[in-house]
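Q: Below are the structure tokens for one structure; questions will follow.
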Amino acid sequence: MPKATAVWLIEKTALTFTQIADFCGMHPLEVQAIADGEVAQGIVGYDPVANIQLMPDEIKRCEADPEARLKLIPANNPINKRSRGARYTPVAKRNDRPDAIAFVLRNFPQLSEAQVIKLLGTTKDTIQKVRERSHWNSTNIKPRDPVILGLCSQADLNGMVAQANDRLARDGKAVPIPPPPEAEEAA
512 MPKATAVWLI EKTALTFTQI ADFCGMHPLE VQAIADGEVA QGIVGYDPVA NIQLMPDEIK
572 RCEADPEARL KLIPANNPIN KRSRGARYTP VAKRNDRPDA IAFVLRNFPQ LSEAQVIKLL
632 GTTKDTIQKV RERSHWNSTN IKPRDPVILG LCSQADLNGM VAQANDRLAR DGKAVPIPPP
692 PEAEEAA
């Protein structure tokens with residue numbers, strides 16, 4: 512849309528090519544080519560004032576001072592946060608989920624089952640089977656970091672651990688210290 516915005520600014524304002532180019536993220540010569548009719552001949556102008564990107568007084572301020580730069584109005588669209596429940600996991604990563612559950616249960620015992628379910632997109636039944644070592648593949652389960660496996664982000668993991676630690680502090684319980692990382696087995 513930068514070209515459409517540039518077309519509108521060229522047609523409707525007295526801004527310099529440099530100001531328009533700076534606002535639209537284009538080169539001044541490209542803006543000049545649009546003004547000369549060499550480029551963007553069939554493009555309909557996109558009104559940045561009507562679409563709440565610029566205020567009319569901002570355009571007037573910049574028309575009066577050729578050195579001034581247009582400032583975009585900050586968008587107030589809240590970013591929709593994706594829910595962290597059950598979600599699609601690629602087939603290649605499905606066998607990694609029990610490893611991640613074992614890692615979280617061992618290193619972060621303060622997390623509730625509901626938090627582990629949200630974090631890893633798993634089920635209560637799977638968590639119980641990994642905990643009791645009754646999972647069908649329990650002999651091959653090795654605790655591995657879910658962040659490295661790509662099942663959750665580090666920020667999500669840290670947020671869940673912080674929530675669990677806050678809950679324990681409110682309840683007057685001690686926050687468990689995670690065990691030291693185990694040395695890798697030599698192959």
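Residue numbers for the sequence shown follow our numbering, so the first one is 512 and each next one is one higher.
Quick reminder that beta carbons are idealized off the backbone N, C-alpha and C, glycines included.
Quick check on DSSP: helix, strand or coil for glutamate 578?
A: Glutamate 578: coil per DSSP, three-state reduction.
Q: State yes or no: is the C-beta of glutamate 525 within less than 7 Å of the C-beta of glutamate 574?
A: Looking at the sequence provided, one finds alanine at residue 525 rather than glutamate. Yes; because the gap between Cβ atoms is below 7 Å, this pair is in contact.
Q: Can you give me the C-alpha to C-alpha distance between leucine 660 and threonine 529, rounded to a whole angstrom?
A: One C-alpha to the other measures close to 48 Å.
Q: Kindly indicate which three-state DSSP category alanine 698 falls into: helix, strand or coil?
A: Caution is warranted here: a pLDDT of 38 is assigned to alanine 698, below 50, making its placement in the model unreliable, and no coordinate value can be reported.
Q: Here's the rule: buried if 16 or more other CB atoms are within 10 angstroms of the residue's CB, otherwise exposed. What is proline 657?
A: Under this definition proline 657 is a buried residue.
Q: Have a look at arginine 608 and arginine 681 and give me their C-alpha separation to the nearest angstrom.
A: Computed Cα separation, rounded: 31 Å.
Q: List the endpoints of the continuous alpha helix (DSSP H) containing methionine 566.
A: No alpha helix (DSSP H) contains methionine 566, which DSSP labels as neither H nor E.
Q: Among Gln621, Leu622, Asp610, which has the Cα closest to the Cα of histidine 646?
A: Of Gln621, Leu622, Asp610, the residue nearest in Cα terms is Asp610.
Q: Just how far apart, CA to CA, sit leucine 520 and leucine 631?
A: Between leucine 520 and leucine 631, the C-alpha separation is close to 49 Å.
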